[in-house]
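**Student:** Chains A and B, in that order, give the protein sequences.
Each residue of the first sequence is one higher than the last, beginning at 402 in this note's numbering.
Each residue of the second sequence is one higher than the last, beginning at 16 in this note's numbering.
This is the structure, below, for whatever I ask next.
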Amino acid sequence: MDLLNALIVFSNFVFIPALAYGSQLALGALGVTLIYGILRFSNFAHGDTMAFGAMITVLATWWLQSLGVSLGPFPTAILALPFGIIICSLFILATDRFVYRFYRNQKAKPVILVIVSMGIMFIMNGLVRFIIGPNDQRFADGERFIISVREFKQLTGLREGLAFKTTQGITIITAILVVLILFWFLNKTRTGKSMRAYSDNEDLALLSGINPEKVVTVTWLIVAALATVAGTLYGLDKSFKPFVYFQLLLPIFASAIVGGLGNPIGAIAGGFIVAFSEVTITYAWKKVLKYSLPESLEPTTLMQLLSTDYKFAVSFVILIVVLLFRPTGLFRGKAF
Amino acid sequence: MIKIENLHKHFGGFQAVDGASLEIESGTITGLIGPNGAGKTTLFNVIAGVLEPTYGSVYLDNEDITGLPPHQLFQRGLLRTFQIAHEFHSMTCRENLMMVPSDQSGEKIWNTWFGRKRIADEERALRAKADEVLEFLTIDHLADHKAGQVSGGQKKLLELGRTMMVDARIVFLDEVGAGVNRTLLNTISDAIIRLNKERNYTFVVIEHDMDFIEKLCDPVICMAEGKVLAQGSLQEIKANENVIEAYLGTGLKYKAL
Numbered sequence: 402m403d404l405l406n407a408l409i410v411f412s413n414f415v416f417i418p419a420l421a422y423g424s425q426l427a428l429g430a431l432g433v434t435l436i437y438g439i440l441r442f443s444n445f446a447h448g449d450t451m452a453f454g455a456m457i458t459v460l461a462t463w464w465l466q467s468l469g470v471s472l473g474p475f476p477t478a479i480l481a482l483p484f485g486i487i488i489c490s491l492f493i494l495a496t497d498r499f500v501y502r503f504y505r506n507q508k509a510k511p512v513i514l515v516i517v518s519m520g521i522m523f524i525m526n527g528l529v530r531f532i533i534g535p536n537d538q539r540f541a542d543g544e545r546f547i548i549s550v551r552e553f554k555q556l557t558g559l560r561e562g563l564a565f566k567t568t569q570g571i572t573i574i575t576a577i578l579v580v581l582i583l584f585w586f587l588n589k590t591r592t593g594k595s596m597r598a599y600s601d602n603e604d605l606a607l608l609s610g611i612n613p614e615k616v617v618t619v620t621w622l623i624v625a626a627l628a629t630v631a632g633t634l635y636g637l638d639k640s641f642k643p644f645v646y647f648q649l650l651l652p653i654f655a656s657a658i659v660g661g662l663g664n665p666i667g668a669i670a671g672g673f674i675v676a677f678s679e680v681t682i683t684y685a686w687k688k689v690l691k692y693s694l695p696e697s698l699e700p701t702t703l704m705q706l707l708s709t710d711y712k713f714a715v716s717f718v719i720l721i722v723v724l725l726f727r728p729t730g731l732f733r734g735k736a737f
Numbered sequence: 016m017i018k019i020e021n022l023h024k025h026f027g028g029f030q031a032v033d034g035a036s037l038e039i040e041s042g043t044i045t046g047l048i049g050p051n052g053a054g055k056t057t058l059f060n061v062i063a064g065v066l067e068p069t070y071g072s073v074y075l076d077n078e079d080i081t082g083l084p085p086h087q088l089f090q091r092g093l094l095r096t097f098q099i100a101h102e103f104h105s106m107t108c109r110e111n112l113m114m115v116p117s118d119q120s121g122e123k124i125w126n127t128w129f130g131r132k133r134i135a136d137e138e139r140a141l142r143a144k145a146d147e148v149l150e151f152l153t154i155d156h157l158a159d160h161k162a163g164q165v166s167g168g169q170k171k172l173l174e175l176g177r178t179m180m181v182d183a184r185i186v187f188l189d190e191v192g193a194g195v196n197r198t199l200l201n202t203i204s205d206a207i208i209r210l211n212k213e214r215n216y217t218f219v220v221i222e223h224d225m226d227f228i229e230k231l232c233d234p235v236i237c238m239a240e241g242k243v244l245a246q247g248s249l250q251e252i253k254a255n256e257n258v259i260e261a262y263l264g265t266g267l268k269y270k271a272l
């Protein structure tokens, strides 16, 4: 038995990757949940909004790299992020002006808005692949590791190593910062409070003199910023491939629904629940068990509950279980 | 102050308001009575900009305000409350009141970063005002309770309090006394009378409780089937044949005989 090594293998392959992935899902789910709480529909275009924002960031990164600008050990993409956020915001505001507003003025039902958002999704999806192509794009640069497996082994003299990638560190820190700013905004500023008021009771908000168009505009701006940050972090951590973002839609919605649609704290919790479940269920536990069990009990198989090919099924299962036993989500969202 | 001309609101084939015309004088507390389904609430909704009229016009001080969105009417001092009390349920009672005044400097992105002192001063003033209103309504002990958790009657008071956070000119109260016990009802009617006298609010009140109407309202307007049946003092209304038939019931009529 060697519990210390077991713990390190666990951290290296399960805990840290799930923490980073959970942060990305949480940021994505926050966007979905804000749209649901304030504009009252499920935004299917959110995955592709992430792809679009990330794409602009990738292009800006390449441009900055060609100019020779760099941030030293940090990825240049951080410098490029403001470009991504601004252009993505403009694009999203344009879709609101020319598409969603028409349906809002007609007081269209949420179901219709969902279908409209699917239309936007297809257009954005096509646009992104048209501009940057459907293939994997690499844009991460700077120092790859905060600490690599080799360094860790040398440092500690242990048999197993622990790698902590720069992108993972940046993902986690950025997620914490973004969430803090968002909650400060929603709870402390007047505009944030108007957004919460509008989400609580639309009729009353209108009759209390809150300008609905302004609330909607600010919501879209925040969502565009969240989506761009989430998309870029995911792209840095894994790699940027347009179609992957479309697939991310499922775990993101699972996160938002598990936490309770419309509830920002729920979205964050949901993101980590989905990420940790996905990683723990698809991880091969053989090595961890080898260290933590007596020799006689050592496993002979991989001890993997589910092949990684089926990782999206995990989101589905969590979704079904939560909807069956607690239909409002863990933190009491708006609907169902 | 408010003038309504030949107002129609149709829902498909159903004519909820069917050619109503009436005038509301400044400084009065006007009662709006009528049987259920007479079109009273629909009339309120059209005036307050929630619904667009099928045709007809609404004037506020001789200015055409037909079809203006609610938040713009609010800025002109036209407010309404709801038949079933509405509240921002996840906010405290005090925050509910502090939500009301529009164009606060904290709404500008620039100010959230560079005008922090101004916002803080404004918030402090608002907070004091909200506490004053809560005290006036005798619900100051609920200031830090979530508005979603207080009782129905207290929510009604909160609705009334919302109109006190700004300088309202005309307030439409939709069954403010429904489902409220007698003591609380007295608090509400006292508040209405005080606001009318001290702050010169004009009120239009939908109500079924005739005692409440008698205490507060002059004149009274009676609606039925989307039309205005009669307008006048409560005595005149009570004596009106059409009103008796449509709303007050023939019992009164036979008693009179």
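For glycine and all other residues, C-beta sits at the position ideal for the given N, C-alpha and C.
Check the Cβ-Cβ distances between B/P85 and every residue of chain A, and say whether any is below 7 Å.
**Tutor:** With 7 Å as the cut-off, B/P85 counts as an interface residue toward chain A.
**Student:** Quickly, what does DSSP pair B/G46 with across the bridge? List them, please.
**Tutor:** B/V220 and B/V235
**Student:** Say whether chain B places a C-beta atom closer than 7 Å to the C-beta of A/R591.
**Tutor:** With 7 Å as the cut-off, A/R591 counts as an interface residue toward chain B.
**Student:** So with CB distances below 9 Å, who are the chain B contacts of A/V509?
**Tutor:** One point to set straight first is that residue 509 of chain A is Ala, not Val, in the sequence displayed. Residues of chain B passing the Cβ test: none, with the nearest at roughly 16 Å.
**Student:** Just reading off the beta strand (DSSP E) that B/C17 is part of, what are its end residues?
**Tutor:** Checking the displayed sequence, the identity of residue 17 of chain B turns out to be Ile instead of Cys. Counting along the chain, the beta strand (DSSP E) containing B/I17 begins and ends at I17 to F26.
**Student:** Determine whether the Cβ of B/R214 lies closer than 7 Å to any Cβ atom of chain A.
**Tutor:** Not one chain A Cβ lies under 7 Å of B/R214.
**Student:** With 16 other CB atoms within 10 Å as the buried threshold, where does B/H156 fall?
**Tutor:** exposed
**Student:** Please give the ranges of any alpha helix (DSSP H) in the stretch 480-536 of chain A, keeping only runs that are unbroken, at least 4 residues long and fully inside the region.
**Tutor:** 502-506 and 511-533
**Student:** Could you compute how far the alpha carbon of A/N444 sits from the alpha carbon of A/M519?
**Tutor:** 8 Å
**Student:** Nearest chain A C-beta to B/F89 closer than 7 Å, yes or no?
**Tutor:** yes
**Student:** So which residues of chain A does B/E102 contact, with C-beta pairs closer than 9 Å?
**Tutor:** D601, N602 and L605
**Student:** I need the straight-line Cα distance from B/R109 to B/A158, nearest angstrom please.
**Tutor:** 5 Å
**Student:** Might you give, ordered along the chain, the residues of its own chain that have their beta carbon closer than 7 Å to the beta carbon of B/N60, omitting 5 neighbours on each side?
**Tutor:** L66
**Student:** Any idea what DSSP makes of B/Y70, helix, strand or coil?
**Tutor:** strand
**Student:** I'd like to know whether the C-beta atoms of A/G562 and A/G660 end up nearer to each other than 7 Å.
**Tutor:** Going by C-beta atoms, A/G562 is not nearer than 7 Å to A/G660.
**Student:** Which residues in the same chain have their Cβ closer than 6 Å to the Cβ of A/I548, if we skip the five residues on either side of it in sequence?
**Tutor:** F565
**Student:** Should B/Q119 go down as buried or exposed, given a rule of 16 or more other Cβ atoms within 10 Å for buried?
**Tutor:** buried
**Student:** Mind checking B/P68: buried by the 16 CB within 10 Å criterion, or exposed?
**Tutor:** buried
**Student:** Let me make sure I understand the geometry here. Which of B/A193, B/I228 and B/G194 has the alpha-carbon closest to that of B/I208?
**Tutor:** B/I228
**Student:** Looking at the C-beta of A/A598, does it have a partner C-beta in chain D at a distance below 7 Å?
**Tutor:** Looking for chain D here will not work: the only protein chains present are A and B.
**Student:** Would you call the stretch 460-475 of chain A and the stretch 682-701 of chain A touching, i.e. three or more CB-CB distances under 8 Å?
**Tutor:** no
**Student:** In chain order, which alpha helix (DSSP H) runs of at least 4 residues are fully inside the stretch 546-584 of chain A?
**Tutor:** Unbroken alpha helix (DSSP H) runs of no fewer than 4 residues, entirely contained in the stretch 546-584 of chain A, are found at 550-557, following chain order.
**Student:** Is the shortest distance between the beta-carbon of A/L587 and the beta-carbons of chain B less than 7 Å?
**Tutor:** no
**Student:** According to DSSP, what are the bridge partners of A/L428?
**Tutor:** Looking at the DSSP assignment, A/L428 forms no beta bridge with any residue, so it has no partner.
**Student:** Which same chain residues end up closer than 6 Å to A/I533 when comparing Cβ atoms and leaving out the 5 residues on each side of it in sequence?
**Tutor:** M456
**Student:** Beta-carbon of B/M114 versus every beta-carbon of chain A: anything under 7 Å?
**Tutor:** yes
**Student:** Which of the residues in the stretch 662-690 of chain A, read from start to end, lie with their CB under 8 Å from any CB of chain B?
**Tutor:** none
**Student:** Name the chain A residues that come within less than 9 Å of B/R95, Cβ to Cβ?
**Tutor:** L608
**Student:** Alpha carbon to alpha carbon, what distance is there between A/A606 and B/H86?
**Tutor:** 8 Å
**Student:** Would you kindly report the start and end of the unbroken alpha helix (DSSP H) that includes B/F187?
**Tutor:** Counting along the chain, B/F187 falls outside any alpha helix (DSSP H), though it belongs to the beta strand (DSSP E) covering I185 to D189.
**Student:** Checking contacts by CB at 7 Å: is B/S105 closer than that to chain A?
**Tutor:** yes
**Student:** Does DSSP put B/F103 in a helix, in a strand, or in coil?
**Tutor:** coil
**Student:** Under three-state DSSP, which class holds A/F737?
**Tutor:** Low local confidence applies: a pLDDT of 38 at A/F737 is under 50, so the model's placement there is unreliable, and no value is given.
**Student:** Is DSSP giving B/K242 helix, strand or coil here?
**Tutor:** strand
**Student:** So, at 8 Å on beta carbons, what are the nonlocal neighbours of B/L272 in its own chain, with the 5 sequence-adjacent residues on each side left out?
**Tutor:** Summary for B/L272: the model assigns pLDDT 43, below 50, so the residue's position carries little reliability; its value from the coordinates is reported in the next sentence. So the list is empty, once near-sequence residues are dropped.
**Student:** For A/F475, which residues does DSSP report across the bridge?
**Tutor:** A/L472
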